[in-house]
Every structure is written in C-alpha cells, then in structure tokens.
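Have a look at the structure below before the remarks.
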Amino acid sequence: MKITEFIKIMWKEEIARRYFVMNSFDGTLTVLGIIIAEFLTGIHDSIIVIISCSGAAVAMGISGFWGAYSAEIAERKKALKELESHMLTDLKNTNIGRSVERMSILIAIVDGIAPTLAAIILIIPFIFSEIAIISINYAFYMSFFLVSVILFSVGIFTGYIAEENRLRSGIRMFLAGVLVAIIILMIDGIRNML
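Counting from 659, one number per residue, gives the positions in the sequence shown under this note's numbering.
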C-alpha cells in the first residue's frame with residue numbers, strides 16, 4: 659500500500675483521526691512533563707533528555723500500537739461475527755472480512771506513530787544541543803516553543819474536524835500544556851520547601 663493510500667484511508671476513518679489527535683496530545687504532554695522536570699531539577703545534559711524522552715516515545719508508540727490493535731481487532735471481529743450471523747454466511751474471505759485485519763493494523767499504526775512523532779519533534783532541539791549547534795538552555799526553550807506549536811496545531815485540527823472555531827480550539831489545547839507546566843512548577847515549589 660502506498661503512503662498516499664494510507665493517508666486517504668486514515669483521513670476517512672474517524673477513529674484514526676481521533677487516535678491521532680489523542681495520542682499526539684498525549685505524547686506532547688508526556689514529553690513536556692519530562693522536559694520541564696529535567697529543566698527544573700537542573701538536568702542540563704542533552705543525552706539524558708534525549709534518552710529519557712526517547713524511552714517515553716518508544717513506550718508510548720508500542721503501547722499505542724498494541725492497545726489500539728487489540729481493541730480494534732476485537733471490536734471489528736465482533737462486528738463481523740454479528741454481520742455474519744445476520745447474513746447467515748461466512749465473510750472472512752471477502753473484502754469485508756479482509757478489511758477487519760487491515761483496518762485494525764492501519765489504525766494501530768496511526769495510534770503508535772502519533773505520540774512517537776510528537777516526541778521525536780520535541781527532542782530535535784536536544785539533538786542540536788548535543789552536536790553543539792545550540793546551547794542546552796536554548797534547546798529547552800526551543801522544545802517548549804515546539805510543544806506550544808504542536809498543541810496549538812492539534813487544537814486547530816480538532817476545530818477543523820468539528821467545524822468549530824479553530825483559534826478557540828487551538829487555544830484550548832495550548833492551555834492544557836500551560837496547566838501541565840503550572841502543576842509541575844507547583845510540585846517543584848513544594849519540593850523546594852521540603
């Protein structure tokens with residue numbers, strides 16, 4: 659299957675869009691949490707940031723793929739069995755039957771790629787820092803900026819899908835990142851008081 663075919667199928671598949679949004683959002687906020695925590699605790703080593711965020715990205719990617727595939731294949735097989743019982747025929751070797759496995763895999767791929775892609779984008783500044791193109795502090799600030807861009811973009815995308823105000827939707831997603839930052843700053847404040 660060509661990449662363009664894959665994208666067309668996923669665009670039409672409502673659940674794939676939903677998984678893409680949810681897991682891009684999850685991946686972004688997870689990595690944001692890691693990066694803020696490392697920044698506040700004084701971990702200013704690019705390799706540590708890259709490895710910790712990469713570890714989270716791999717875990718989220720595998721979790722997303724595995725969980726989505728398991729859920730999708732179960733739901734789609736159940737629906738196929740119900741359809742077969744109504745039609746009194748075996749549909750496993752038909753286009754409908756074959757699409758159960760194919761769509762489950764495609765949706766699982768979207769689910770696994772979304773948080774991983776978000777995480778990879780957010781660690782790029784630290785890769786630049788590691789190869790001495792930018793400073794570690796600049797890498798942190800650049801990554802925080804990229805978090806804002808990703809969250810706002812995901813919000814615009816959800817606004818587009820819902821045919822709602824895209825700016826408002828973008829701001830709503832951005833505010834989730836602000837909330838994560840505030841909570842982590844409060845936790846760090848408590849840590850500093852102890």
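Positions of the beta carbon are idealized from the N, C-alpha and C atoms, including for glycine.
Bear in mind that the values here come from a model prediction, so they are computed numbers and not experimental data.
Mark residue i as exposed unless 16 or more other C-beta atoms lie within 10 angstroms of its C-beta, in which case mark it buried.
i	result
I694	buried
T686	buried
A766	buried
V805	buried
M745	exposed
G700	exposed
I781	buried
V758	buried
A797	buried
When DSSP labels each residue in this structure, what does residue i get in the three-state scheme?
i	result
D703	coil
S793	coil
T752	coil
E733	helix
L746	coil
N850	helix
N681	helix
E759	helix
E696	helix
E821	coil
Find out if the Cβ-Cβ distance for the pair residue i, residue j is shorter than 9 Å.
i	j	result
T688	A726	no
G722	G770	yes
I808	A839	no
G813	M831	yes
I829	F803	no
N850	A772	no
Quick one: measure Cβ to Cβ for residue i and residue j, integer angstroms, because I've assumed they're closer than 8 Å.
i	j	result
I720	F784	Wrong, their Cβ atoms sit about 22 Å apart, outside the cutoff.
L794	S710	Here the sequence assigns Ile to residue 794, which means Leu is not the residue at that position. No, I794 and S710 are not in contact; Cβ-Cβ is about 14 Å, not under 8 Å.
G817	R824	4 Å
F678	V768	5 Å
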